[in-house]
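Single-structure report; data block below.
2 protein chains.
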Amino acid sequence: MAGAYLSRVAEPASVPLWMFVQRHGYLTAAAAIRAGDVPAEVASCTEARRTAADPEADLAAAQRNGIRLLTPADEDWPHFAFAALQATARRRVAQWQAGVRARPERGELIPPLALWVRGAGELSAVGFRSVAVVGSRAATAYGEHIASEFSYGLAQRGVVVVSGGAYGIDAAAHRGALAAGGCSVLVSAGGLDRPYPSGHRHLYDRTAEQGLLVSERPPGSAPHRQRFLSRNRLIAALGAATLVVEAAHRSGALNSAGYARDLGRPVLAVPGPVTSAMSAGCHRLIQRDEEPARLVTSVAEVLAYCGSAEVEMDAGGPAAGRPPAAGGPAAASGPAAWQHAYDSLDVVARSVLDGFPGRRRSVTEAELSRLSGQPISQVIAALPVLQGLGLITAAREGYRLASVAS
Amino acid sequence: MAGAYLSRVAEPASVPLWMFVQRHGYLTAAAAIRAGDVPAEVASCTEARRTAADPEADLAAAQRNGIRLLTPADEDWPHFAFAALQATARRRVAQWQAGVRARPERGELIPPLALWVRGAGELSAVGFRSVAVVGSRAATAYGEHIASEFSYGLAQRGVVVVSGGAYGIDAAAHRGALAAGGCSVLVSAGGLDRPYPSGHRHLYDRTAEQGLLVSERPPGSAPHRQRFLSRNRLIAALGAATLVVEAAHRSGALNSAGYARDLGRPVLAVPGPVTSAMSAGCHRLIQRDEEPARLVTSVAEVLAYCGSAEVEMDAGGPAAGRPPAAGGPAAASGPAAWQHAYDSLDVVARSVLDGFPGRRRSVTEAELSRLSGQPISQVIAALPVLQGLGLITAAREGYRLASVAS
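Below, the structure is given as structure tokens:
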């Protein structure tokens, strides 16, 4: 209920609200906001709706539309996919508090407080083998052909295609994945009961059957412009890589690519004729001096650039071709899968995992910092990754190794 | 006469012949070959034609066809453009002799011993503001359009377009430059009196009117396969950069790009639809892990990637738009131009130039090595560059500063 209230009371990606909730927890934060007993910066982004927000009505509307609410406390929360968002947000807030960076503004890379979802898929599995496919609404026939073909090929190989459900590249990407019998995640800027564009109601329904609809906004919300921008960070976060199929010079798809870059995720771009304005943004991404996008011409190249963990899983057999509805994170389902998960960790995360004191004893973040020799900030950033991979679980006080990893 | 004989007696790019001529000079080398008094490796590449070669007949045929012969002793020899070839060849031979590299084979990057040219342009000016435009013979309409448009734009800005006169991209490049009233250099694999393909006789004639035809082979020579490969090194060497417009996976244009890379020249590639096999080679070049080609989408980008010296000249006013027939190297015609030339030098070449002992006194290579503190091999490599830029001139014994630089 607190999650539903918080998702209604402020616009998405509000930094003061996120910080307030991080500090006080969902229940306390929601009660304080409802009572108007909050710092000025939280009040300013919640005042307009703090008494009018009606989470019970939103939850009832959700239920009528087959929509469910997820918060980080839910098993199906995509901890793994959002670990980079979480780490980036904490780092930026810490930098602001240390005075080395301006105060984070709206639209920063902060995790959502809650998500409304509809469909058969499991969101927690997204981010392992997933690619965000983005591009212009005013796509060319070439762009739509490529989006559809690539998404078909990715879905055939068990890769989840994440996109925004818009006209043009988005729709072609969803349809390609669905045509392959694969899984597609559609992240909407408005409420899931209000397909946008409205002509895409059938696309929404088909996506819910084979995959998932996701939105940060409760049912009934209109897709405002600002919500598209904050929505784009979720598309980037839910993809292990972001593939830009077609984009004009000032396309919103470049915004998604920028988020992916900031999250440390590979940005891939499909070239096209230099005579096409719709490929100009892709070419610009490839030409960047710093962190250029990788030029890709085939599904195989997309898979190769998604990182070694992806490629290893591809070779691993059963994981390939498995839609996310078939189970949780592949990594937690056996010794070989555990090894895969371990292999996918960076050095810091491995150190943190190695710092756990044997089976079943729970430790706090501060203890882990001492045991692993890693700074507390790194420990905090690594924990959601380890949790998302099923290697550790939250305990009453702190964390402990999951049974599979002990 | 010795140049004409040497250009007939062996196939182009023969390493033993080049080394023999470097050691003994043109006259002595030619006489020794004619007499059969040469080391085995020189004999093996000259024996077949050493008595039959008829330089007087070749020169007469050339004269009848408006073709003239150039050797490094001629004012119009492109020392500047060939400096990288010269340096690469010397380095590789030295590495071979030092035992750190296999013996250089045919097709290595060695300078030509002589060139047959026809047309109004001055070859010595090529290489300052020039771009080699290469691509597939089986080009698509898109590729031909781009080759023609880019070459038109480059020629409009006073850039010489260098290509091979073949069907497809080559022809479109030449025609684009000619249509702009600019200068185009066509490097042929066979004799200049034998246009190849034969349907391109009119293209050859028009190119000779506005630019230059160039070949390493004397009149009457057929365009054999091996001659295309050795011809490609000259196209790469005559371009300040090499632009690949369209190329399939195993296109000869990739061979030209490889030569350009080996010479340290920028390789630029135009992207295209990933559905087009004719763009696959361009995409592969851009994807290379080592020394990838730069993706270019416009004439302005081509100019920007041609190196700062080019861009400076572009901003310099008179040099821009000047066809090479209008004068020698731009750098030697005044203090500002001298500064441009100086600025374009690398550190070693500047040291060598700084080592010259004031006005008019000539020095040998060994003296310069001592005066500049640079190894003799570096001095030898730098001298043609300085000479090509008009900063120094050959003296009776060694070199001296040119009057403009003293």
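Heads up: the sequence lines are chains A and B, in that order. Per this note's numbering: the first sequence = residues -17 to 388. Per this note's numbering: the second sequence = residues -17 to 388. Beta carbons are placed, not taken as given, at the ideal position from N, Cα and C, and that holds for glycine.
- Check the Cβ of Gln269/B against every Cβ in chain A and list those closer than 7 angstroms, keeping chain order. In the second sequence, the residue the question calls residue 269/B occupies position 287. Here the neighbours are Leu277.
- Query: Going by the beta-carbon positions, is the gap between Ala259/A and Ala275/A smaller than 7 angstroms?
  - Reply: For this step, residue 259/A is matched to residue 277 along the first sequence. For this step, residue 275/A is matched to residue 293 along the first sequence. No, these two residues do not count as a Cβ contact at 7 angstroms.
- Message: Please return the same chain residues whose Cβ sits closer than 7 angstroms to the Cβ of Tyr241/A, not counting the five positions on each side in sequence.
- Response: In the first sequence, residue 241/A corresponds to position 259, counting from 1. The residues are Leu91, Asn214, Arg215 and Ala218.
- At 9 angstroms on the CB atoms, spell out the chain A contacts of Pro248/B, in chain order. Translated into the one-based positions of the second sequence, residue 248/B becomes position 266. In chain order: nothing, as chain A lies at least about 13 angstroms away.
- In whole angstroms, what is the alpha-carbon distance linking Ala42/A and Pro200/A? Against the first sequence, residue 42/A aligns to sequence position 60. Against the first sequence, residue 200/A aligns to sequence position 218. Those two C-alpha atoms are separated by around 11 angstroms.
- Task: Could you pull out every residue in the same chain whose Cβ sits closer than 8 angstroms to the Cβ of Val367/A, ignoring the five residues on either side in sequence?
- Result: For this step, residue 367/A is matched to residue 385 along the first sequence. Closer than 8 angstroms at the Cβ level, and outside the excluded window around Val367/A, lie His61, Phe62, Ala65, Leu327 and Ala331.
- Message: Which residue marks the beginning of the beta strand (DSSP E) containing Trp391/A, and which one marks its end?
- Response: Because chain A here runs from -17 to 388, residue 391/A falls outside it and cannot be looked at.
- Query: Which residues in the same chain as Trp78/A place their Cβ atom closer than 8 angstroms to its Cβ, once the five residues preceding and following it in sequence are excluded?
  - Reply: By 1-based counting over the first sequence, the position of residue 78/A is 96. Excluding positions up to five away in sequence, the list reads Ala84, Arg85 and Pro86.
- Message: My output table needs one value for Arg85/A: the three-state DSSP class, helix, strand or coil.
- Response: As a working mapping, residue 85/A is identified with position 103 in the first sequence. Three-state DSSP puts Arg85/A in coil, outside helix and strand.
- Does any residue of chain C bring its CB to less than 7 angstroms from the CB of Gly254/B? Absent here is chain C; the protein component of the structure consists of chains A and B.
- Query: Taking Cβ-Cβ distances shorter than 7 angstroms, what residues in chain A pair up with His265/B?
  - Reply: By one-based count along the second sequence, residue 265/B stands at place 283. Chain A residues near His265/B: Pro253, Leu277 and Thr279.
- Whose C-beta lies closer than 7 angstroms to the C-beta of Gly173/B among residues of the same chain, with five residues either side of it excluded? The sequence position of residue 173/B within the second sequence is 191, counting from 1. Cβ within range, chain order: Ser197, Arg199, Pro200, Pro201, Gly202 and Ser203.
- Would you mind sorting Met(-17)/A into buried or exposed? The rule is 16 or more other CB atoms within 10 Å of its CB. For the purposes of this step, residue -17/A is identified with residue 1 of the first sequence, where counting begins at 1. With fewer than 16 other Cβ atoms within 10 Å, it is exposed.
- Task: Check whether the Cβ atoms of Gly254/A and Ala230/A lie closer than 7 angstroms to each other.
- Result: As a first step, residue 254/A must be located in the first sequence, where it is residue number 272. As a first step, residue 230/A must be located in the first sequence, where it is residue number 248. Contact flag unset, no.
- Task: Locate the alpha helix (DSSP H) running through Thr224/B, then write down its first and last residues.
- Result: Taking the second sequence and counting its residues from 1, the one referred to as residue 224/B is at position 242. It is not in any alpha helix (DSSP H) - Thr224/B instead sits in the beta strand (DSSP E) that spans Ala223 to Val226.
- Contact between the segment 5 to 19 of chain A and the segment 136 to 151 of chain A (3+ Cβ pairs under 8 angstroms): no
- Query: When the distance is taken between beta carbons, is Val361/A closer than 7 angstroms to Thr225/A?
  - Reply: On the first sequence, position 243 is the one that residue 225/A refers to. On the first sequence, position 379 is the one that residue 361/A refers to. Going by the sequence as given, residue 225/A is Leu instead of Thr. No; because the gap between Cβ atoms is not below 7 angstroms, this pair is not in contact.
- Message: Can you tell me whether Ser118/A is buried or exposed? The criterion is at least 16 other CB atoms within 10 Å of its CB, across all chains shown.
- Response: The sequence position of residue 118/A within the first sequence is 136, counting from 1. By the 10 Å Cβ count, Ser118/A comes out buried.
- Runs of alpha helix (DSSP H) wholly within the segment 10 to 75 of chain A (minimum 4 residues, chain order): 22 to 28 and 37 to 46
- Under the three-state reduction of DSSP, which class applies to Thr375/A: helix, strand or coil? Numbered from its first residue, the first sequence carries residue 375/A at position 393. Here Thr375/A sits in strand by DSSP.
- Message: Under DSSP, the beta strand (DSSP E) around Leu383/A begins and ends at which residues?
- Response: Stepping through the first sequence from its first residue, residue 383/A is reached at position 401. Taken as a continuous stretch (DSSP letters only), the beta strand (DSSP E) holding Leu383/A covers Tyr381 to Leu383.
- Does DSSP put Ala251/B in a helix, a strand or coil? Residue numbering aside, residue 251/B sits at position 269 when the second sequence is read from its first letter. Here DSSP, grouped into helix, strand and coil, assigns Ala251/B to strand.
- Query: Mind checking whether Ala171/B and Phe210/B have CB atoms under 7 angstroms apart?
  - Reply: One-based indexing of the second sequence puts residue 171/B at position 189. One-based indexing of the second sequence puts residue 210/B at position 228. Yes, these two residues count as a Cβ contact at 7 angstroms.
- Item | Three-state secondary structure assigned by DSSP to Thr195/B | Position 213 of the second sequence, counted from the first residue, corresponds to residue 195/B. First, the amino acid is wrong: residue 195/B is Leu here, not Thr. Strand at Leu195/B.
- Item | Whole-angstrom distance between Ala239/B and Gln68/B, CA atom to CA atom | Taking the first residue of the second sequence as position 1, residue 68/B is located at position 86. Taking the first residue of the second sequence as position 1, residue 239/B is located at position 257. In a straight line, the C-alpha of Gln68/B is about 18 angstroms away from that of Ala239/B.
- Query: Does the Cβ of His182/B have 16 or more other Cβ atoms within 10 Å, making it buried, or fewer, making it exposed?
  - Reply: Working through the second sequence from its first residue, we reach residue 182/B at position 200. Counting Cβ neighbours within 10 Å, His182/B comes out buried, since at least 16 surround it.
- Give a yes or no on whether 7 angstroms exceeds the smallest Cβ distance from Tyr287/A to chain B. As a first step, residue 287/A must be located in the first sequence, where it is residue number 305. With a threshold of 7 angstroms between beta carbons, Tyr287/A makes no contact with chain B.
- Task: Please report the residue range of the alpha helix (DSSP H) in which Val281/B lies.
- Result: Your numbering for residue 281/B matches position 299 in the second sequence. Unbroken alpha helix (DSSP H) run through Val281/B: Val281 to Tyr287.
- Task: Report the three-state DSSP secondary structure of Arg5/A (helix, strand or coil).
- Result: Indexing the first sequence from 1 puts residue 5/A at position 23. Arg5/A: helix per DSSP, three-state reduction.
- Item | Beta bridge counterpart(s) of Ser112/A as assigned by DSSP | Along the first sequence, one-based indexing puts residue 112/A at 130. DSSP output for Ser112/A lists Val142/A as bridge partner(s).
- Message: What does the Cβ neighbour count give for Ala223/A, buried or exposed, with the cut at 16 atoms within 10 Å?
- Response: Numbered from its first residue, the first sequence carries residue 223/A at position 241. Looking at its Cβ environment, which holds 16 or more other Cβ atoms inside 10 Å, Ala223/A is buried.
- For a contact meaning CB atoms closer than 8 angstroms, what does Ile128/A contact in chain B? If you number the first sequence from 1, residue 128/A lands on position 146. Simply Val256 and Thr257.
- Alpha-carbon to alpha-carbon, Glu104/A and Gln269/B: Locating residue 269/B in the second sequence gives position 287, where the first residue counts as 1. Locating residue 104/A in the first sequence gives position 122, where the first residue counts as 1. About 35 angstroms.
- Item | Near-chain A residues of the segment 111 to 124 of chain B - C-beta to any C-beta below 8 angstroms | Those would be Tyr124, in chain order.
- Task: On the DSSP bridge assignment, give the partners of Leu277/A in chain order.
- Result: Here residue 277/A is taken as the residue at index 295 of the first sequence, counted from 1. Leu277/A pairs with Ala251/A.
- For the segment 25 to 42 of chain B against the segment 130 to 144 of chain B, are there 3 or more C-beta pairs whose distance is under 8 angstroms? no
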